[in-house]
Amino acid sequence: MRDIGDKSKDLRVVIIGGGPAGTACALASKRLAQGRRVDITIVEGKKFAQEQHFNQCVGVLSPPLPELLTTCLDVAFPSHLSRGEIEGYILHTGQETITLDGDMQPSTAVRRVQFDAYMLETAQERGIRVFSARAVDLEFHADRVVIYTENASLEADVVVGAFGLDEGTGALFARQTPYRPPQALSSVVTKYHPGSPLEEAAGRYIHAFLPDHPRIEFGAVTPKGNHLTINIAGRSVDAPMMQYFLSLPEVQGVLPNFAEAGKWNADDQQFFKGRFPCSLARCYYGDRYVMVGDAAGLVRTFKGKGVTSGILTGIRAAETILNAGITAEAFDAHYRLANRDILSDLPFGQFMRRATILFSRYHLLDPIVRAAHNDPSLHKGLFDAVSAHASYRDVMRNILKPRVVARIVREFVNVHV
Ligand SMILES: Cc1cc2nc3c(=O)[nH]c(=O)nc-3n(C[C@H](O)[C@H](O)[C@H](O)COP(=O)(O)OP(=O)(O)OC[C@H]3O[C@@H](n4cnc5c(N)ncnc54)[C@H](O)[C@@H]3O)c2cc1C
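Remember, the numbering used here sits 369 above the position in the sequence shown when you count from 1.
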């Protein structure tokens with residue numbers, strides 16, 4: 370195999386997918402090239418610029434995203450796209466509610482399509498070629514990868530899979546390599562326009578719901594300036610489940626003017642479907658290929674920051690390609706190691722997800738929330754879990770203290786005995 374780790378040689382990188390992970394990988398590769406001839410192409414099937422196509426997302430950009438953009442990609446954080454700052458969460462379990470805010474930098478709500486357009490335009494301005502077509506097939510050869518698109522074929526030394534959870538593209542790679550896509554949760558998204566501007570306070574908190582419905586793992590109502598975005602997620606959520614969620618009094622209670630209006634406005638009746646990865650992909654790198662972002666399943670299990678993880682893993686893949694090479698060994702030694710923060714937290718995230726599903730089914734989350742009102746350590750644990758500001762390992766460290774567990778048990782016993 371041609372030794373592409375050799376920094377004196379030219380390098381052709383084709384990135385399939387121009388979402389956050391793909392554009393970050395392209396921008397970081399360009400930046401790290403430092404005089405070496407690196408030819409970078411992003412193949413993106415959607416058109417974000419005229420808002421013709423969307424990637425399903427609520428569009429909450431969380432720390433350390435601004436810092437990653439400026440320090441690792443030399444890209445200004447697009448504050449001009451802000452639809453408001455998110456300062457905290459209001460968590461609703463079956464019977465209880467708690468406000469969770471910490472001393473972290475706030476998150477920023479944007480329209481995701483505008484963020485994707487901003488990143489792709491920035492890539493183009495930096496000399497990265499954006500190929501507007503879908504990749505439809507691939508061939509791996511000893512000296513190159515051939516990428517067939519809807520209107521031309523491209524050759525690369527290495528191909529980066531930044532295609533999110535696109536099932537067709539995942540299947541292309543699975544046919545040609547040992548790669549197997551991550552498992553996924555499905556999500557249904559809709560919008561609600563209350564008719565009058567959201568009040569200041571209502572506009573700064575995301576309402577997170579853990580309903581006791583066996584198939585809805587979580588739901589959220591997120592302020593986006595003039596409207597609220599509502600989403601639910603679970604193994605197989607669908608439109609009737611969204612209707613059920615919207616019928617819950619506690620959900621209607623956070624939709625301003627909903628009771629008076631009694632119905633959706635005509636713009637608000639559309640439901641959209643998306644997917645979240647909930648496990649690691651198998652064989653997400655090999656000779657001449659590497660997956661980033663959702664395609665790799667390299668995201669925080671259960672609750673979020675998918676955009677931030679996509680950007681982070683895109684940068685890490687670029688660092689490996691430019692500094693270490695494009696063989697399975699190079700990705701194993703550098704890319705996997707660089708992602709050990711995400712990888713080592715996955716089992717803790719899986720555990721938390723299963724525990725939350727079980728606890729909500731048996732109405733055991735209410736005593737936890739009641740105990741958190743009086744216990745700063747538990748309060749911080751819940752804030753970190755919901756906001757994704759700390760690893761699940763640290764969340765569990767805060768929650769599984771004997772004093773905290775005793776307090777939760779006391780709350781449970783007070784009600785049930
Ligand atoms: C309902 C919902 C809400 C979410 N809300 C948030 C949130 O508020 N904040 C947050 O941080 N994360 C959120 N996420 C997660 C976030 O959207 C993802 O983690 C993130 O978009 C992953 O980025 P990516 O670049 O890996 O993939 P994607 O953003 O999915 O981008 C993949 C791109 O590849 C392109 N593509 C796929 N196949 C091909 C092909 N064959 N040829 C050409 N192009 C192709 C697609 O068109 C797409 O543009 C949400 C996810 C869902 C489902």
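Glycine included, every Cβ here is placed at the ideal spot set by N, Cα and C.
Run of the beta strand (DSSP E) containing residue i, from where it starts to where it stops
i           : result
residue 508 : 504-509
residue 465 : From DSSP, residue 465 is part of no beta strand (DSSP E); its letter is neither H nor E.
residue 478 : 476-478
residue 747 : It is not in any beta strand (DSSP E) - residue 747 instead sits in the alpha helix (DSSP H) that spans 745-756.
residue 525 : 522-525
residue 380 : 380-385
residue 518 : 514-518
residue 448 : Taken as a continuous stretch (DSSP letters only), residue 448 belongs to no beta strand (DSSP E), as it is neither H nor E.
residue 643 : 641-646
Sub-8 Å separation of residue i and residue j beta-carbons
i           : j           : result
residue 417 : residue 486 : yes
residue 397 : residue 684 : yes
residue 842 : residue 429 : Residue 842 lies beyond the residue range present for the chain, which begins at 370 and ends at 786; the question has no answer from this structure.
residue 748 : residue 741 : yes
residue 725 : residue 579 : yes
residue 661 : residue 390 : yes
residue 497 : residue 411 : yes
residue 705 : residue 549 : no
residue 668 : residue 600 : no
residue 680 : residue 402 : no
residue 730 : residue 583 : yes
residue 552 : residue 426 : no
residue 559 : residue 484 : no
residue 754 : residue 764 : yes
residue 506 : residue 517 : yes
residue 649 : residue 715 : yes
residue 456 : residue 574 : yes
residue 533 : residue 388 : yes
Residue i Cβ short of 7 Å to ligand 1 heavy atom set
i           : result
residue 506 : no
residue 387 : yes
residue 556 : yes
residue 677 : yes
residue 425 : yes
residue 664 : yes
residue 600 : yes
residue 605 : no
residue 546 : no
residue 581 : no
residue 532 : yes
residue 535 : yes
residue 614 : no
residue 390 : yes
residue 842 : Absent from the structure is residue 842, since the part of the chain shown begins at 370 and ends at 786.
residue 749 : no
residue 584 : no
residue 420 : no
residue 431 : yes
residue 590 : no
residue 643 : yes
residue 415 : yes
residue 739 : no
residue 477 : no
residue 793 : The displayed coordinates of the chain run from 370 to 786. Any statement about residue 793 would go beyond what the structure contains.
residue 772 : no
residue 378 : no
residue 787 : Within the shown structure, residues of the chain are numbered from 370 to 786, placing residue 787 beyond reach of any answer.
residue 428 : yes
residue 674 : yes
residue 559 : no
residue 538 : yes
Residues bridged to residue i [DSSP beta-bridge criterion]
i           : result
residue 457 : 470, 574
residue 500 : 412
residue 654 : 659
residue 429 : 478
residue 388 : The partner list for residue 388 (beta bridge, DSSP) is empty, contrary to what the question assumes.
residue 529 : 384, 659
Residue range of the unbroken alpha helix (DSSP H) whose run includes residue i
i           : result
residue 682 : 675-692
residue 717 : 709-730
residue 484 : 481-494
residue 740 : 734-741
residue 764 : 761-768
Residue i Cβ short of 7 Å to ligand 3 heavy atom set
i           : result
residue 722 : In terms of ligand content, the structure shown lacks ligand 3 and carries ligand 1 instead.
Could you tell me which uninterrupted beta strand (DSSP E) segments, each at least 3 residues in length, are contained entirely in the stretch 397-423, listed from first to last along the chain?
-> 407-413
For the stretch 535-622, list the beta strand (DSSP E) runs that are entirely contained and at least 3 residues long, ordered along the chain.
-> 553-561, 574-578, 587-592, 597-603
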